[in-house]
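Number of protein chains: 2
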Amino acid sequence: MTSERAPRIAVGPARDARFEQAVVGGGGVPCGFEDAPDALIWTTGPDGFPETLPPSVRWVQLPSAGVEYWLSQGIVRDHPHVTWTSAAGAYSATVAEHALMLLLAGVRALPAHLAATSWAPETLAPSVGTLRGATVGIIGAGGVGRALVPMLATLGAHTLAVTRSGRPVPGAVETFPVERIDEIWPLADHFVISAIATTDVERLVGAAELAAMKPTAWVINVARGDLVDTDALVAALRSGAIAGAALDVTDPEPLPDGHPLWTIPNAVVTPHDSNPAPLRIPAYLEHVTENVTRFASGLAPSPVIDPSAGY
Amino acid sequence: MTSERAPRIAVGPARDARFEQAVVGGGGVPCGFEDAPDALIWTTGPDGFPETLPPSVRWVQLPSAGVEYWLSQGIVRDHPHVTWTSAAGAYSATVAEHALMLLLAGVRALPAHLAATSWAPETLAPSVGTLRGATVGIIGAGGVGRALVPMLATLGAHTLAVTRSGRPVPGAVETFPVERIDEIWPLADHFVISAIATTDVERLVGAAELAAMKPTAWVINVARGDLVDTDALVAALRSGAIAGAALDVTDPEPLPDGHPLWTIPNAVVTPHDSNPAPLRIPAYLEHVTENVTRFASGLAPSPVIDPSAGY
């Protein structure tokens, strides 16, 4: 009868009781960086990441969902014998909740209601819509897009998904491969852009796409600002080509003071805080416990970073 | 072999092609008020309702969910041999969607975000909360409250319900009878007041209840304005006793110009338009078709109005 020893896991750049607790919860033993750890749980950005990992380290867990910066710095590439995992997926639920909040607030005309200082159902009520029976196009069905599907379904909305491959997304009425993305603009009632941030995705929404949408459409972007052509969006909001837009990410980002998106009534901007620190830390702690549990059981932690794919 | 004839159904106060279509869809035959109808589908308020119904009428369908005014006018009481049905339930989904929108917008600090004209995650992000893992108290689990439970569940929120009887509400972690309502105020993170509007429900939320809530709580009212003590609510919002309130119904209603709720930053007011006409008519048409189907099959249409219960 063999018994594997519990893995020794360091937390960096600094020891942190919450993360050591998460390590213990997954069956690991917290140790220092100098104590020949089997794995490293990193809790901050790339600054201060050690140039050389101890040779005992077989797995490194990074705290971000998008790892472009880590890849561009060559840190992953320099350690090919280590399994690197991101936190992609750990934050999907909160970002999806934010997207749903923005979509619901738009469709039910909350911005106009908040601007009102008088009881005026005769002007406001006609602008209140519903997601019930509506079709929502989810552009990029990674973790966030997939988390949105059941949220929309309980509200009676239908989902059309666009993914790179077009492989059916569970719960979506139909999934289009990205080559057929142009079919979706006139078809769906509203859009949530939740494409995984990778370097090879081109701008998705420009003047032509906005013109093809229904004039009642709301466009929500929680993915990356440059997936939408900001000037074309401002023009579409001003002309009434679409009903509104709610952006958690912008181009440029940060959105400068005085930009028209701050004052256009049917534009909503949240400053990339769909996954704010107070929500991020507990979600990352949960992710760490899950992955330590897998590692301690001899399973591979996930999701493993693939430098050639960019995530 | 007997074959029942299709029921003859009048639409009032005026014939309306959409409603006659709904009658046909349920297996009925549209007819005029003077053509000895078996049933009457009423499409507007009580004004103009006939003082005397043709003796052939066995069923009357009313278009509203709350029927207090119809009862107070004695119209139902004057026709005891007729089955009266309301539209309670038909609008539950849209009102529940509105309540969810208001709750999400509050919890994720959308009012503060909409007021911003500058990219300020450092001030805004700390106020972004989540329904994930939160406990929502649903006060009054009629159609709206019951429709909310699965919407909250897909967002990872837990539900505590309060009902008159305390009989378990499907999907709720626990259901309290109204006698134990005071236990819920410190227990839940947020509250949705969705009590059925009846004359025997007292004011539910006053100064003591607001003081017992968590300072992070949002209170949503989509039921009836006088269930909340408005002055106590204004005081609680100003003192920070609770985080915010979103009201689709107010006391007084309409909320007068210049009322503090129009300008308190963490107060959201929608002018009783959670179920606006553009959404109400298709929902009522669906309800009519369902009930005509039941009536044509010899089943009782529903929900039957109980004058002694007040709904």
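So the sequences go chain by chain: A and B.
The numbering of the first sequence is the numbering used here, which starts it at 540 and goes up by one.
The numbering of the second sequence is the numbering used here, which starts it at 540 and goes up by one.
Ideal placement from N, C-alpha and C gives every residue a C-beta, glycine not left out.
Determine the DSSP secondary structure at residue 658 (chain A), reduced to helix, strand or coil.
coil
Less than 8 angstroms between C-beta atoms, sequence neighbours within five positions excluded: which residues of the same chain meet that for residue 544 (chain B)?
none
At a CB distance below 9 angstroms, what residues from the segment 754 to 768 of chain A approach chain B? Give them in sequence order.
none
Is it true that the segment 805 to 819 of chain A meets the segment 618 to 635 of chain A, where meeting means three or more beta-carbon pairs spaced less than 8 angstroms apart?
yes
Give me the DSSP bridge partner(s) of residue 729 (chain B).
DSSP, once it has assigned bridges, lists B:675 as partnering residue 729 (chain B).
According to DSSP, what are the bridge partners of residue 806 (chain A)?
A:784
Does the segment 643 to 660 of chain B come into contact with the segment 642 to 658 of chain A, if we say contact requires no fewer than three beta-carbon pairs (one atom in each stretch) closer than 8 angstroms?
yes
I'd like to know if residue 815 (chain A) contacts chain B, where contact means its C-beta is closer than 8 angstroms to some C-beta of that chain.
yes
Does the beta-carbon distance from residue 579 (chain B) to residue 596 (chain B) come in below 8 angstroms?
yes
Scan the segment 603 to 631 of chain B and note each continuous alpha helix (DSSP H) run of 4 residues or more that stays entirely inside, going in chain order.
607 to 611
Between which two residues does the alpha helix (DSSP H) containing residue 818 (chain B) stretch?
816 to 835
Can the beta-carbon of residue 677 (chain B) be found less than 8 angstroms from the beta-carbon of residue 698 (chain B)?
yes
For residue 844 (chain A) versus residue 623 (chain A), is the C-beta distance shorter than 8 angstroms?
yes
Which value, in whole angstroms, describes the spacing of the CA atoms of residue 745 (chain A) and residue 767 (chain A)?
6 angstroms
Going by other Cβ atoms of all chains shown within 10 Å of its Cβ, with 16 needed for buried, is residue 589 (chain A) buried or exposed?
exposed
So is residue 691 (chain B) buried or exposed if we call it buried at 16+ other beta carbons inside 10 Å?
buried
Just confirm the distance between the C-beta atoms of residue 670 (chain B) and residue 694 (chain B), as a whole number of angstroms; I'd bet it's less than 8 angstroms.
5 angstroms
Mind the definition here: the segment 551 to 560 of chain A touches the segment 569 to 585 of chain A only if three or more C-beta pairs lie below 8 angstroms; say whether that holds.
yes
Could you tell me the boundaries of the alpha helix (DSSP H) in which residue 591 (chain A) lies?
Going by DSSP, residue 591 (chain A) is part of no alpha helix (DSSP H) at all; its letter is neither H nor E.
List the residues of chain A that residue 695 (chain B) touches, going by C-beta distances under 7 angstroms, in chain order.
632
Along the beta strand (DSSP E) that carries residue 700 (chain B), what are the first and last residues, could you check?
First-last of the beta strand (DSSP E) with residue 700 (chain B): 697 to 702.
For the segment 798 to 811 of chain B, enumerate the residues whose C-beta is nearer than 8 angstroms to any C-beta of chain A, in chain order.
801, 802, 807, 808, 809, 810 and 811
Just checking: is the beta-carbon of residue 660 (chain B) within a distance shorter than 8 angstroms of some beta-carbon in chain A?
yes
Check whether the segment 654 to 668 of chain A touches the segment 828 to 846 of chain A, counting contact only when three or more Cβ pairs, one atom from each stretch, lie closer than 8 angstroms.
By the Cβ test, the segment 654 to 668 of chain A is not in contact with the segment 828 to 846 of chain A, since fewer than three Cβ pairs between them sit closer than 8 angstroms.
Given a limit of 7 angstroms on CB to CB distance, which residues of the segment 663 to 677 of chain B reach chain A?
Listed by position along the chain: 663, 664, 665, 667, 669, 670 and 671.
Which two residues bound the contiguous alpha helix (DSSP H) that contains residue 772 (chain B)?
769 to 778
State the DSSP-derived secondary structure class of residue 801 (chain B), mapped to helix, strand or coil.
helix
If you drop the 5 nearest sequence neighbours on each side, which residues of the same chain put their C-beta closer than 8 angstroms to that of residue 807 (chain B)?
Apart from sequence neighbours up to five positions away, the residues of its chain that approach residue 807 (chain B) with a beta-carbon distance below 8 angstroms are 641, 644, 645, 650, 783, 784, 785 and 786, ordered along the chain.
Taking CB distances under 8 angstroms as the criterion, tell me whether residue 644 (chain B) reaches chain A.
yes
Which first and last residues belong to the alpha helix (DSSP H) in which residue 689 (chain B) is found?
682 to 693
Find the nearest neighbour of residue 682 (chain B) within the set B:565, B:828, B:629 and B:848, judged by alpha-carbon distance.
B:629
Measuring straight from C-alpha to C-alpha, what distance separates residue 805 (chain A) and residue 638 (chain B)?
21 angstroms
In this structure, does DSSP put residue 565 (chain B) in helix, strand or coil?
coil
Applying the criterion that 16 or more other CB atoms from any shown protein chain within 10 Å of the CB defines a buried residue, is residue 548 (chain B) buried or exposed?
Taking a 10 Å sphere around the C-beta of residue 548 (chain B), we find 16 or more other C-beta atoms and assign the residue as buried.
Taking C-beta to C-beta, are residue 613 (chain A) and residue 850 (chain A) nearer than 8 angstroms?
no
Between which two residues does the alpha helix (DSSP H) carrying residue 748 (chain A) extend?
746 to 751
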